[in-house]
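Quick note on full-length UniProt numbering: the sequence shown kicks off at 1 and runs consecutively. Virtual Cβ for every residue (Gly too), placed ideally from N, Cα, C. Just so it is clear, the structure is predicted and the values come from calculations on it, not from any experiment. Encoded as structure tokens, the structure appears first; notes follow it.
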Amino acid sequence: MSTATEANFDGLVGPTHNYSGLSFGNVASLSNSAQASNPKAAAKQGLTKMKALADMGFVQGVLAPHERPHIPTLRRLGFSGGDAQILQQAAKQAPKLLAAVSSASCMWTANAATVSPSGDTNDKRVHFTPANLVNKFHRSIEHETTGAILRATFNDERYFAHHFALPSVDQFGDEGAANHTRFCDGHGEQGVEFFVYGMEAFNTNTPRPAVFPARHTLEASQAVARRHGLSPDQVVYAQQNPAVIDAGVFHNDVIAVGHRNVHFYHQEAFLDTAKMRDDLLAAWGDRDSTLHFIEVPSAEVSVQDSIQSYLFNSQLLSRGDNDMLLIVPGECENNPAVWAYLNRLVAGSSPINEVKVFDLKQSMSNGGGPACLRLRIALTEAERQAINPATLINDSLFERLNYWVDTHYRDQLYEKDLADPMLLIESRNALDELTKILRLGNVYEFQR
Ligand SMILES: NCCC[C@H](NC(=O)CCC(=O)O)C(=O)O
Numbered sequence: 001m002s003t004a005t006e007a008n009f010d011g012l013v014g015p016t017h018n019y020s021g022l023s024f025g026n027v028a029s030l031s032n033s034a035q036a037s038n039p040k041a042a043a044k045q046g047l048t049k050m051k052a053l054a055d056m057g058f059v060q061g062v063l064a065p066h067e068r069p070h071i072p073t074l075r076r077l078g079f080s081g082g083d084a085q086i087l088q089q090a091a092k093q094a095p096k097l098l099a100a101v102s103s104a105s106c107m108w109t110a111n112a113a114t115v116s117p118s119g120d121t122n123d124k125r126v127h128f129t130p131a132n133l134v135n136k137f138h139r140s141i142e143h144e145t146t147g148a149i150l151r152a153t154f155n156d157e158r159y160f161a162h163h164f165a166l167p168s169v170d171q172f173g174d175e176g177a178a179n180h181t182r183f184c185d186g187h188g189e190q191g192v193e194f195f196v197y198g199m200e201a202f203n204t205n206t207p208r209p210a211v212f213p214a215r216h217t218l219e220a221s222q223a224v225a226r227r228h229g230l231s232p233d234q235v236v237y238a239q240q241n242p243a244v245i246d247a248g249v250f251h252n253d254v255i256a257v258g259h260r261n262v263h264f265y266h267q268e269a270f271l272d273t274a275k276m277r278d279d280l281l282a283a284w285g286d287r288d289s290t291l292h293f294i295e296v297p298s299a300e301v302s303v304q305d306s307i308q309s310y311l312f313n314s315q316l317l318s319r320g321d322n323d324m325l326l327i328v329p330g331e332c333e334n335n336p337a338v339w340a341y342l343n344r345l346v347a348g349s350s351p352i353n354e355v356k357v358f359d360l361k362q363s364m365s366n367g368g369g370p371a372c373l374r375l376r377i378a379l380t381e382a383e384r385q386a387i388n389p390a391t392l393i394n395d396s397l398f399e400r401l402n403y404w405v406d407t408h409y410r411d412q413l414y415e416k417d418l419a420d421p422m423l424l425i426e427s428r429n430a431l432d433e434l435t436k437i438l439r440l441g442n443v444y445e446f447q448r
């Protein structure tokens, strides 16, 4: 029980990483549209973060990218002929569609799924529900392959239960773990699962954002909690403040992060902050440790600075009881208000004692920070032993993957390059080799 850990599974950035401005409501995605991207640098920035966590002793895994451009989706939408012909027709008739089926967005594995650890579920297995990501077309095509990769990574039915995504309609809009946090004493013990939603779908008399979409509904979270077999008194729901969604907080993990007994969030993150705290404290009850609320006041860090710096899209990691480390993106260091706040935070009496900065600029330019890039999975020792070991980062896998990136990736990509049939061939060759490195089997359509 006490040897349970929290593993982080990061998405490996795929060879088609580019800036297409696909995410209405995500400020970085819209403002960097049409810039050149660097897929090679993007993949290496991600690998460097993974390696650093593995070196610090954390369990660090990797989730493979998806096949892009996704030819099966283009065929479904009426394009026909050989692959090169399909790419050419799509580029001419529907360039935004081609960009959408070429996005490397599966790198943000915080959106891959919602995971409930065995300490919380009634059958004592770890449950996974891939997120349907229905609000954005380019992301709505991820969940099938995500499910296949999760099954190939956590491939022992005695320990792991895999569900299909929720129905792909707005009413069940599900963005996965970006809107889900688990509070607990020890990772193997019963925890409190905290689901944050943007709106209620079926009760239209409730508050909702006016400018940008609420991607995630209460009804989706309730369905996930039911399927995972969670105890209702250990589940808390909270609504995001619609005003911050309208300011660009498209996922709650842009304005709050939780880990073990710490909830670190912005004053304006929730519609009803007092209720959020009361509900969490009620579910927390009488545990060994205290549940800490670290509320960042608007007077110290504005919502705008939070969005620009991604202060809350950080990774909170435990080094021991009441001793945590915060992994933040370089943008935090460059924002004076945020950097001053972080310096006060680590000098103060909260469990957060150190800040480490990582350069994740390639992903940040599409609105993805350190926390977006990882999916957390709390595991008992027996469950950890049951994971596909070829997906866990160590010195040799790190070197192998860096070499693999050097071999297959370009260092510059514009939207117009997505129509290049060579890019498709390069990507498929890369992914085919990757499934062998990570021992995933044939998870892609082009392999079947
Ligand atoms: N958790 C972070 C997710 C970021 C992601 N961005 C994107 O898909 C941008 C892709 C582009 O614009 O090329 C999104 O908005 O879902």
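Name the two residues that bound the continuous alpha helix (DSSP H) containing residue i.
i	result
Asp279	Thr273 to Trp284
Tyr237	Segment Val235 to Gln239 is the beta strand (DSSP E) holding Tyr237; no alpha helix (DSSP H) there.
Thr435	Pro421 to Ile437
Val338	Pro336 to Ala347
Leu46	The question names Leu, yet the displayed sequence has Gly at residue 46. Residues Pro39 to Asp55.
Met364	Lys361 to Met364
Thr153	His143 to Thr153
Arg76	Ile71 to Arg76
Ile307	Val303 to Ser309
Gln412	Looking at the DSSP string, Gln412 is not in any alpha helix (DSSP H), and its letter there is neither H nor E.
Gln85	Asp83 to Gln93
Cys332	Gly330 to Glu333
Val224	Leu218 to Arg227
What span of residues does the beta strand (DSSP E) with residue i cover, start to end?
i	result
Asn8	Thr5 to Gly11
Thr61	Position check: residue 61 holds Gly in this sequence, whereas Thr was assumed. Gln60 to Leu63 is the extent of the beta strand (DSSP E) around Gly61.
Phe183	His180 to Phe183
So residue i packs on residue j, CB below 8 Å; how close in whole Å?
i	j	result
Leu254	Asn313	One point to set straight first is that residue 254 is Val, not Leu, in the sequence displayed. With 8 Å as the limit, Val254 and Asn313 qualify as a contact, their Cβ atoms being about 6 Å apart.
Pro242	Pro209	4 Å
Pro130	Ala112	6 Å
Thr217	Phe172	6 Å
His70	Ile141	6 Å
Ser23	Gly367	6 Å
Ser20	Glu415	6 Å
Glu67	Arg428	7 Å
Phe128	Phe160	7 Å
Return the bridge partner residues of residue i from the DSSP annotation.
i	result
Asp323	Gly320
His263	Gly258 and Phe293
Tyr197	Gln239
His127	Ser116 and Ala161
Ala378	Glu6
Ser33	Ser33 pairs with nothing; no bridge assigned.
Phe202	Phe202 is not bridged to any residue.
Phe24	Answer by DSSP bridge pairing: none, since Phe24 is not bridged.
Leu392	Gly61
Val192	Phe183
Val357	Val328
Leu230	Thr121
Classify residue i as helix, strand or coil using the three-state DSSP reduction.
i	result
residue 494	With the chain covering 1 to 448 only, the question about residue 494 has no answer from this structure.
Thr121	strand
Val244	helix
Met1	Because Met1 sits at a pLDDT of 43, beneath the cut-off of 50, its placement in the model cannot be relied upon, and the point is left open.
Leu397	helix
Gln315	strand
Phe270	strand
Phe137	helix
Phe250	coil
Leu97	helix
Tyr19	coil
Arg68	coil
Asn132	coil
Taking Cβ positions only, does residue i come closer than 8 Å to chain B?
i	result
Tyr237	Among the chains of the structure shown, chain B does not appear; only one protein chain is present.
Does the segment 51–61 come close enough to the segment 2–13 that 3 or more CB-CB pairs lie under 8 Å?
-> yes
Touching or not, the segment 254–272 and the segment 304–319, by the rule of three or more beta carbon pairs under 8 Å?
-> yes
Just checking, does the segment 76–96 make contact with the segment 29–45 on the three C-beta pairs under 8 Å criterion?
-> no
Do the segment 280–288 and the segment 189–199 meet, that is, are 3 or more Cβ pairs less than 8 Å apart?
-> yes
Could you tell me whether the segment 412–422 touches the segment 368–387, using the rule of 3 or more Cβ pairs below 8 Å?
-> no
Does the segment 262–279 come close enough to the segment 221–235 that 3 or more CB-CB pairs lie under 8 Å?
-> no
Quick one: any contact between the segment 151–164 and the segment 387–394, if contact means 3 or more CB pairs under 8 Å?
-> yes
Please determine if the segment 315–327 and the segment 348–355 are in contact, where contact requires at least 3 C-beta pairs separated by less than 8 Å.
-> yes
Is there contact here, the segment 428–438 with the segment 70–80, by at least three beta-carbon pairs under 8 Å?
-> no
Check whether the segment 357–364 touches the segment 121–137, taking contact to mean three or more Cβ pairs, one atom from each stretch, closer than 8 Å.
-> no
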